[in-house]
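Residue numbers (the working numbering), protein chains in the order written: chain R, 1323 to 1517; chain E, 142 to 350.
Contents: one structure, followed by commentary.
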């Protein structure tokens, strides 16, 4: 359960920056990306931990990648079929979960050495940490950028209007805002960890 | 259990087994989800056609593909001829696309038989959230004459953004998206409404007004 704060993949380990910066234009987007990644992470940790003794060391990376890629493809097909709204928003970033270093990193560092049950919990911990970080970053960007929180047209959620739409700083929804907001969040988390 | 040795046979065997199992699992999921995905796409398209034609009581003919070369690029327009239940032509819904700011911008636009725009919807886009992504709402009828494309005929007005001397106000801070959007509709109008809808041959390049 270290993943949530102490080893938070986003704020402390700085892993998986591509989806972090790319999909967090709103809190709901960040949340869906986090949940999708957590789903893959838990299952990949479980499967890899189950097959760890069957896979010879020299081919372990290709084997793990096949496992992860298959899970991501399944997730992609399932999302396309059952939650087309989120799929439309996250579209491009779903296949990129394959190369998210959090997943392969946890497979190597944890699942390949620990029992299936411990690996599932590691997946949940790291996944929750990632989801929370993405949601937080998305919320900050959405709030500063548009003045609204948790709005999603795909789900028909109106969100909480905290200030008028006209007062948003659009930059925060765009790429530069992602870096700036992430930088400040990392600083705050670091401060809190040391305190 | 002992870890398997990294011998050649072990490695080949393990990789093969993993690949086969993964392939089988994927095939299974694909078989499960493919009909659902197809249904969603078809539903979306049907709902989109109804929306852009502004009527629920319509029948839609089989789509026709129409290819044309515009400014050196090959474009495909998918034309859905739409009739009312009595068989009277209501015009057509056309799927058209253009490169926007962030990628392909796919628009479904409904024309009446004279080419006046009845409605539009964005099918697919990769525009900037908060800016270009507003295209789905910006050009709708509720937003007033200077912004909307609905009710306009691309052949009878200056169908470009006001910055380029046209009649339509671009989305604030998203001129590129707006240009792409209008160009997509204009191209659809030129190729599908103005030119006879028989051939599928590549039409020659046409200078835009």
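All C-beta atoms, glycine included, are put in the ideal place defined by N, C-alpha and C.
Nothing here was measured: the structure is a model prediction, and the numbers come from that model.
- The beta carbon of residue 1453(R) does not come within 8 Å of any beta carbon belonging to chain E, so the residue lies off that interface.
- Looking from the CA of residue 167(E), the closest CA among 1460(R), 1394(R) and 1437(R) belongs to 1394(R).
- Classified as buried, residue 1361(R) has 16 or more neighbouring CB atoms from the shown chains inside 10 Å of its CB.
- Interface with chain E (8 Å Cβ-Cβ cutoff): residue 1457(R) is excluded.
- No alpha helix (DSSP H) of 4 residues or more sits fully in the stretch 205-258 of chain E.
- Shown here, residue 287(E) sits in coil according to DSSP, grouped into three states, outside any helix or strand.
- Between residue 178(E) and residue 1402(R), the C-beta spacing is below 8 Å.
- Remark: C-beta atoms of residue 1352(R) and residue 1345(R) approach each other more closely than 8 Å.
- With a 10 Å radius around the Cβ and a threshold of 16 neighbouring Cβ atoms, residue 1372(R) comes out exposed.
- Taking 8 Å as the threshold, the shortest C-beta distance from residue 1375(R) to chain E falls below it.
- Counting only Cβ-Cβ distances below 7 Å, residue 1392(R) has contacts in chain E at 163, 166 and 167, in chain order.
- Under DSSP, the beta-bridge partners assigned to residue 261(E) are 250(E).
- The stretch 245-264 of chain E and the stretch 285-299 of chain E touch, with no fewer than 3 CB-CB distances between them shorter than 8 Å.
- Residues of the stretch 220-244 of chain E with a C-beta atom less than 8 Å from some C-beta of chain R do not occur.
- At a Cβ-Cβ threshold of 8 Å, residue 156(E) and residue 1385(R) count as neighbours.
- The alpha-carbon of residue 1354(R) is positioned some 7 Å away from that of residue 1408(R).
- Relative to residue 149(E), the option among 1379(R), 1461(R) and 1431(R) whose CA is nearest is 1379(R).
- Three or more beta-carbon pairs separated by less than 8 Å are not found between the stretch 180-188 of chain E and the stretch 312-323 of chain E, which leaves the two stretches without contact.
- The CB of residue 160(E) comes closer than 7 Å to the CB of 1388 in chain R, given here in chain order.
- For the set 1416(R), 1423(R) and 1391(R), the Cα lying nearest the Cα of residue 163(E) is the one of 1391(R).
- Taking 8 Å as the CB threshold, residue 181(E) lines the interface with chain R.
- A direct Cα-Cα distance of roughly 27 Å separates residue 1389(R) from residue 1333(R).
- Scanning its chain for C-beta atoms nearer than 7 Å, with the 5 sequence neighbours on each side dropped, one finds around residue 193(E) the residues 234, 249, 250, 251, 259, 260, 261 and 262, in chain order.
- Among the residues of chain R, those whose CB is under 8 Å from the CB of residue 151(E) are 1378, following chain order.
- Taking every protein chain shown into account, the CB of residue 295(E) has 16 or more other CB atoms within 10 angstroms, so this residue is buried.
- Among the residues facing chain R, residue 249(E) is not included, as its CB has no counterpart in that chain under 8 Å away.
- In this structure residue 226(E) is exposed. Its beta-carbon is surrounded by fewer than 16 other beta-carbon atoms within 10 angstroms.
- Annotation: Cβ neighbours of residue 144(E) in chain R (cutoff 9 Å, chain order): 1374, 1375, 1376, 1377, 1378 and 1379.
- Cβ-Cβ distances below 6 Å link residue 1450(R) to 1326 in the same chain, with the five nearest sequence neighbours on each side left out; the list follows chain order.
- If you draw a straight line from the Cα of residue 1423(R) to the Cα of residue 1340(R), it is about 10 Å long.
- In this structure, DSSP gives residue 309(E) an extended state, which the three-state scheme calls strand.
- Residues of the stretch 170-199 of chain E with a Cβ closer than 7 Å to any Cβ of chain R, in chain order: 170, 171, 174, 177, 178 and 181.
- Between residue 1403(R) and chain E, the shortest Cβ-Cβ separation is below 8 Å.
- Annotation: Cβ neighbours of residue 1496(R) in chain E (cutoff 7 Å, chain order): 269.
- Membership of residue 1464(R) in the alpha helix (DSSP H) is indicated by the continuous run 1438-1468.
- If you compare the alpha carbons of 1343(R), 1437(R) and 1357(R) with that of residue 1446(R), the shortest gap goes to 1357(R).
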